[in-house]
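A.B. asks: In full-length UniProt numbering, the protein residues as written are 1 to 427.
Here it is in structure tokens:
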């Protein structure tokens with residue numbers, strides 16, 4: 001392997017593994033194979049076939065064990081990654097765990113993850129519960145887990161597999177990824193990020209993860225698993241990388257690339273994780289936080305929002321009330337997969353400004369907690385440079401003023417506030 005200053009050799013693990021748990025209070029009467037068979041037609045054919053093949057091989061095991069035989073899952077970490085009180089209560093009441101484990105070699109496809117998540121989601125449907133992604137310490141309802149799996153062309157949303165948690169320290173915010181190790185790659189980190197860039201930098205980290213994962217997979221195409229894969233020291237991130245990572249593959253943001261330098265930070269503790277750190281290029285001699293702010297300006301340079309409304313009148317107030325009354329039902333339909341095929345659920349919510357709220361739309365990606373919605377922004381905000389099309393947003397349900405179900409032809413259902421705006425009755 002040729003070693004140069006332009007590339008960073010990153011070690012490749014020999015094997016990868018995935019573990020999913022399904023809490024239950026009774027031993028499932030349906031076999032894993034029968035549960036997966038019941039998903040026929042609801043999954044892309046290649047993924048369904050992959051799950052069946054893994055089930056029939058020694059690469060996957062599915063066991064039902066008493067809870068006492070498995071280490072206790074930390075509720076505080078589960079909560080930090082989105083667990084609801086109801087999910088934690090069901091876990092606490094469970095007497096058994098269906099344990100789904102799979103192993104595979106590094107490369108593409110990540111058969112261990114796709115197959116294990118498929119089988120766990122199928123078993124969760126059988127017992128009427130949720131599944132726990134042990135790697136991410138994250139609860140998933142079966143419908144969300146199945147939606148995260150790739151389509152017939154192998155495309156998936158990286159945000160369904162890689163989280164970007166952050167914490168604060170004396171130098172600013174410390175961001176990491178949690179999910180790249182599913183694919184054998186070291187996790188990313190960035191330190192010294194300004195606090196006002198919280199949402200924007202989370203999207204940049206996700207876009208960088210998408211770019212580096214592609215380079216990683218390209219280095220694993222040989223039949224023999226290499227000892228190292230060379231990743232470019234200077235990585236370019238664009239708005240398109242971010243949009244694709246959030247599932248907006250049709251959007252091609254015409255933003256200039258922003259450069260980030262990759263540096264290996266090996267762990268000194270054998271029990272700790274090593275990281276790939278994102279830093280400014282070597283020639284940058286200014287503050288790190290200023291460079292990171294410049295990166296965000298580059299990748300989010302796009303059109304301004306045109307979704308800005310005045311204080312609502314009576315007609316608008318009635319429209320908002322109608323939409324909010326329908327939130328519990330539309331959430332239930334979203335979670336149970338009862339929306340029309342190929343339809344998308346979007347919500348409108350308000351961003352605070354000095355002149356009153358600016359209302360923007362977002363496509364719903366997860367709604368496990370009634371109070372919190374995870375989504376991808378469907379419009380660019382004028383008031384917040386971090387809210388750009390394709391970027392992740394976390395929405396308080398109390399801020400939602402409208403929702404709509406969309407298909408290729410437009411609004412199928414909902415959109416009451418937009419109807420009022422179109423009619424001119426909102427003054």
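Backbone N, C-alpha and C fix where the C-beta goes; we use that ideal spot for every residue, glycine too.
1) Assign residue 65 to buried or exposed, taking buried as 16 or more other Cβ atoms, counted over all protein chains shown, within 10 Å of its Cβ.
2) Sorted by chain position, which residues of the same chain lie with C-beta nearer than 7 Å to residue 14's C-beta, five sequence neighbours on each side aside?
3) Rounded to the nearest angstrom, what separates residue 186 and residue 125 at their Cα positions?
4) Using a Cβ-Cβ cutoff of less than 6 Å, which residues in the same chain neighbour residue 192 once the five nearest sequence positions on both sides are dropped?
5) I'd like the list of long-range same chain contacts for residue 230, defined as Cβ closer than 6 Å, with 5 residues on each side in sequence excluded.
6) Closer than 6 Å by C-beta to residue 258: which residues in its own chain qualify, once you throw out the five before and the five after it? Chain order, please.
7) To the nearest angstrom, how far is the alpha carbon of residue 362 from that of residue 414?
8) Output needed for residue 77: all residues of its chain with C-beta closer than 8 Å, excluding positions within five of it in sequence on either side, in chain order.
9) State the start and end residues of the unbroken alpha helix (DSSP H) segment that holds residue 96.
10) Whose CA, out of 384, 16 and 406, lies closest to the CA of residue 343?
11) For residue 263, list the residues DSSP reports as bridge partners.
12) Looking only at its own chain, which residues have a Cβ that is under 7 Å from the Cβ of residue 241, when we skip the five neighbours before and after it?
13) Among 152, 176, 153 and 154, which has the Cα closest to the Cα of residue 162?
14) Could you compute how far the alpha carbon of residue 74 sits from the alpha carbon of residue 103?
15) Leaving aside the five residues before and after residue 167 along the sequence, list all residues of the same chain whose C-beta is less than 8 Å from its C-beta, in chain order.
16) Tell me the DSSP secondary structure of residue 154 in three-state form.
17) Just the C-alpha distance for residue 98 and residue 390, rounded to the nearest angstrom, thanks.
18) Grab me the residues of residue 370's own chain with a C-beta within less than 6 Å of its C-beta, minus the 5 sequence neighbours each way, in chain order.
19) Contact check, residue 121 vs residue 146 under 8 Å by CB: the rounded distance?
20) Kindly indicate the opening and closing residues of the beta strand (DSSP E) around residue 18.
21) Who pairs with residue 47 in a beta bridge, going by DSSP?
22) From residue 329 to residue 403, what does the alpha carbon distance come to, in whole angstroms?
23) Please report how far the alpha carbon of residue 39 lies from the alpha carbon of residue 169, in whole angstroms.
24) Counting C-beta neighbours from all protein chains within 10 Å, is the total for residue 199 16 or more, i.e. buried, or is it exposed?
25) Within 10 angstroms of the Cβ of residue 248, are there 16 or more other Cβ atoms? Answer buried if so, exposed if not.
26) Run the CB neighbour count on residue 411, radius 10 Å, all protein chains shown included, and call it buried at 16 or more, exposed below.
27) Let me know the secondary structure DSSP gives residue 160 once reduced to three states.
28) By DSSP, does residue 139 sit in helix, in strand, or in coil?
29) Tell me whether residue 70 is buried or exposed, calling it buried when 16 or more other Cβ atoms sit within 10 Å of its Cβ.
30) What residues match up with residue 369 in a beta bridge as DSSP calls it?
31) For a minimum of 3 consecutive residues, which ranges assigned as the beta strand (DSSP E) are wholly contained in the segment 45 to 89?
32) Checking 7 Å against the spacing of the C-beta atoms, do residue 393 and residue 377 come in under that value?
33) Assuming residue 358 and residue 383 form a contact by the criterion Cβ under 8 Å, report the distance between their Cβ atoms to the nearest whole angstrom.
34) Have a look at residue 29 and residue 17 and give me their C-alpha separation to the nearest angstrom.
35) Looking only at its own chain, which residues have a Cβ that is under 8 Å from the Cβ of residue 48, when we skip the five neighbours before and after it?
36) Would you mind working out which of 81, 21, 89 and 111 sits nearest residue 59, comparing C-alpha positions?
C.D. replies: Based on what the coordinates show:
1) exposed
2) 225
3) 33 Å
4) 171, 172, 288 and 289
5) 7 and 9
6) 237, 295, 298 and 299
7) 14 Å
8) 137
9) Element bounds for residue 96: not the alpha helix (DSSP H) but the beta strand (DSSP E), 96 to 104.
10) 406
11) 277
12) 207, 210 and 211
13) 176
14) 24 Å
15) 173 and 174
16) coil
17) 35 Å
18) none
19) 5 Å
20) 16 to 24
21) Note: residue 47 sits in no beta bridge, so no partner.
22) 12 Å
23) 46 Å
24) buried
25) buried
26) exposed
27) helix
28) strand
29) exposed
30) 372
31) 60 to 66
32) yes
33) 5 Å
34) 26 Å
35) 36, 39, 40 and 118
36) 111
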